[in-house]
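K.L.:
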Amino acid sequence: MPVQQVKPATTVAQQIDILRSRGMDVDENLAVQWLTNVGYYRLSAYWYPARTLETNGQRGDALTLGISFVDVANLYEADRKLRTLIHDGIERIEVALRTRLSAQICSHDALRYQQPGAFRPGFPHSQWLATVDKRIARSMRRSESIQHYARDYDGYFPFWVVAEVLDFSDASRMFEGIPISDQNAIAETFNVHIDIGALSRKQRRKALSESPLVRWFEQLTVLRNMCAHHSRVWNKSFAPASTVALRTMPELESLPSGQSEKIYGALTMMAFLLRTISPGTSWPEKATTLMQDSFFPNPLVTKAALGAPDDWDGSL
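Take any residue in the sequence shown, note its place counting from 1, add 2, and you have its number in this note's numbering.
#1: Could you tell me which of Met271, Leu257, Ile180 sits nearest to phenylalanine 121, measuring between CA atoms?
#2: Would you tell me roughly how many angstroms separate the C-alpha atoms of tyrosine 78 and serine 109, rounded to the nearest one?
#3: Have a look at the DSSP bridge pairing and note the partners of alanine 243.
#4: Going by DSSP in three states, serine 70 sits in which element: helix, strand or coil?
#5: On the CB-based measure, 16 or more other CB atoms within 10 Å of its CB, does alanine 189 come out buried or exposed?
#6: Does the distance from the C-beta atom of isoleucine 92 to that of leucine 248 stay below 9 Å?
#7: Return yes when the Cβ of leucine 103 is within less than 9 Å of the Cβ of phenylalanine 177, no when it is not.
#8: In the DSSP assignment, what residue or residues form a beta bridge with leucine 65?
#9: Would you mind reading off the limits of the alpha helix (DSSP H) that contains phenylalanine 161?
#10: Return the first residue and the last residue of the alpha helix (DSSP H) that alanine 120 is part of.
#11: For aspartate 27, list the residues DSSP reports as bridge partners.
#12: Using a Cβ-Cβ cutoff of less than 6 Å, which residues in the same chain neighbour serine 262 once the five nearest sequence positions on both sides are dropped?
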């Protein structure tokens, strides 16, 4: 049995009464629609910032004055649109990473990925390769290329075929595992050119041992999975990614100092990568418009919750 008794479930009508008792202006017809189809618990994360702070620093149940259910519904809808936009952008980044990995690996040997010596010491190559084998097996029924190489080449799959069946997390881990020379060669194709001279000795050692894109691809993998599973991305923390080396580039000097773990940094980095991958892309402008029109006007939104500086105007 749990230490504390689980609260009993409430009806939609009771949930509306609770919200009104805590100070929320509730349009009943709108609330019934959202509470029935989205749910009280899922929506509660969106009004959480409006919960007043108590003397002990904890959030109380009472809500700040002026918050309405319309604000909550609008923020939820803005977050849903942002997830859709992010998923669209990360798809292009994922494909671009897989393509660049394929070009770099195959420039050495199309089967180089099968060799532990082609990766950094300590990289869990056998574990990663077992995951690759699962991806290949998963694709056997629907991929003619996989079937072709399984049948005619005794199951020796060149990496240009393997790359097509990898998940973003597989490609991200592979990028982390390859030598720094290969990482840098790929990073340069993403227009990442760090000013090593602008870094301290300790920062230089880190930048020369591992590409800063390693942690960013890890963060974008987490973000991609959250979007795919319809999780909230507004006011959420992700796997932190260092910004120190990347901030030496004029295009990325607006990244948060030190490290970034909120959506502002992810959007900034995505906009940079997508401008390289898809010159002339409208993605940054779409994200900017969404921020300016749907997030900033909402009283539940603060720039701090987005991980953005106070003077950010939403432009990417």
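No residue lacks a Cβ here, since even glycine has one placed at the ideal position from N, Cα and C.
P.N.:
Straight from the coordinates:
#1: The candidate whose alpha carbon is nearest that of phenylalanine 121 is Ile180.
#2: 46 Å
#3: DSSP, once it has assigned bridges, lists Ser262 as partnering alanine 243.
#4: strand
#5: buried
#6: no
#7: Contact: yes.
#8: Arg53
#9: 161-164
#10: Per DSSP, alanine 120 lies in no alpha helix (DSSP H) segment and is marked neither H nor E.
#11: Ser70
#12: Ala243, Thr245
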